[in-house]
Amino acid sequence: MSWTGSSDAPPTARIAALISSLQPSERRVAEAIVADVSKAVDMTAQELADAVGVGRASVVRTSQTLGYHGYPQLRVALAREKAFEQPIADTGEGSLGIMRAAMDRFVRALPHTSAALTEDVVDTFIATLDDAPRVIVAASGLSAPLGYDAALRLTSAGRPAEYIPDSLAQQIAARQLEPHGVLLVISGSGANRATLDVVGAARAAGATVLAVTGFSRSALVSAATTTLVVPPATESFQDELVQTSRAALALVIEALVEALVARRGERGRTARAAVLSVLSDTLDS
0 MSWTGSSDAP PTARIAALIS SLQPSERRVA EAIVADVSKA VDMTAQELAD
50 AVGVGRASVV RTSQTLGYHG YPQLRVALAR EKAFEQPIAD TGEGSLGIMR
100 AAMDRFVRAL PHTSAALTED VVDTFIATLD DAPRVIVAAS GLSAPLGYDA
150 ALRLTSAGRP AEYIPDSLAQ QIAARQLEPH GVLLVISGSG ANRATLDVVG
200 AARAAGATVL AVTGFSRSAL VSAATTTLVV PPATESFQDE LVQTSRAALA
250 LVIEALVEAL VARRGERGRT ARAAVLSVLS DTLDS
């Protein structure tokens with residue numbers, strides 16, 4: 000399976016979305032590219048293969064998995080991405096410098112957040128979410144807070160959604176979904192066992208599974224009806240394993256709800272007005 004996202008997506012975004020499922024030799028090639036894009040641009044396929052200790056065929060396969068005809072096309076795309084790359088800001092030293100550097104890395108990775116999304120997939124995702132008679136949100140581990148947040152945002156947009164913190168209770172609720180019901184799954188890795196069990200329950204009930212995840216190839220993507228892939232906002236697969244950030248997923252979920260409100264038109268505006276009214280009543284005068 001190769002890249003299926005936007006044809007405009009830069010190479011490093013494609014790598015971020017696919018790297019967890021690459022073969023070992025292909026992953027070594029991809030990690031070498033991300034580690035030094037400028038160096039990769041100046042290398043031939045054979046030179047890159049020699050540098051990482053793999054065969055030239057591994058470099059070609061990696062290029063094709065990323066959605067390019069071969070390594071020459073990948074080099075051109077890397078050069079284009081490098082040309083438009085934002086400069087690294089001077090973040091200073093100390094704890095504040097570390098915080099600023101982390102924020103700067105995220106800002107530079109932000110353009111990648113929507114790289115794997117296509118208009119038809121997003122439209123289908125939102126329409127299915129809007130039309131469903133019932134929506135249950137499933138999320139576990141580090142993604143659990145996003146599940147709670149998504150349910151609150153959807154409900155505030157006039158699209159009631161249920162989130163149950165306990166994974167077993169999620170599974171029970173999913174198994175009771177009607178065929179036209181929707182399970183909205185949020186998982187950074189797409190491989191969380193508890194979450195996949197909930198997906199299995201929903202599929203057994205005949206429900207639709209909508210997924211928001213970080214990697215293009217995972218058990219969750221294989222099981223979902225429609226998937227929004229949000230590449231991790233990190234510079235390497237190792238960074239993702241260490242940081243396990245869910246910031247990019249949170250951003251996309253917020254944007255997804257905004258798109259849903261726009262689709263709902265007057266219904267969405269009425270729901271927002273009701274929310275503001277309730278909030279106003281709860282504030283001290």
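The opening position of the sequence shown corresponds to residue 0 in numbering that gives the first Met the number 0, with each subsequent residue numbered one higher. Ideal placement from N, C-alpha and C gives every residue a C-beta, glycine not left out.
Report, in whole angstroms, the separation of the C-beta atoms of residue i and residue j, which I expect to be a contact under 8 Å.
i	j	result
A8	A115	6 Å
T61	V28	4 Å
A150	A160	4 Å
S5	T117	6 Å
R174	A204	5 Å
G157	T269	7 Å
L145	L248	6 Å
T212	G189	4 Å
Look up residue i in the DSSP assignment and give the residues it is bridged to.
i	result
I135	E161, L182
L209	L183, T225
Hey, does residue i have any beta-carbon neighbour from chain B nearer than 8 Å?
i	result
A31	The structure shown contains no chain B, having only a single protein chain.
Work out the CA separation of residue j and residue i for me, nearest whole Å.
i	j	result
A12	A56	22 Å
A209	R271	It is worth fixing the name first, because residue 209 is Leu in this sequence and not Ala. Distance between the alpha carbons of L209 and R271: 24 Å.
F214	S20	8 Å
P231	A246	9 Å
S94	V75	38 Å
R152	I14	31 Å
Q63	Y70	8 Å
D35	I163	43 Å
L240	S139	Unreliable positioning characterises L240 in this predicted model, as indicated by a pLDDT of 47, which lies under 50. The coordinate reading is nonetheless provided below. Going by the C-alpha atoms only, they are around 17 Å apart.
R313	D49	The chain is shown from 0 up to 284; residue 313 falls before or after that span and cannot be answered.
V51	L167	44 Å
M102	G96	10 Å
Considering only the alpha carbon of each residue, which of the options lies closest to residue i?
i	options	result
G199	W2, L219, S188, I125	L219
H68	R104, S24, P10	P10
V251	E92, D41, R263, V121	V121
S24	G54, S37, V36	G54
E177	A206, A108, V36	A206
A131	L259, M102, M98	L259
D129	L17, L183, R26	L183
L73	E92, V40, A16	V40
Is any non-hydrogen atom of the ligand MG found closer than 7 Å to the C-beta of residue i, if you look at the structure I gave you?
i	result
Y70	Because no ligand of any kind appears in the structure shown, any question about the ligand MG cannot be addressed here.
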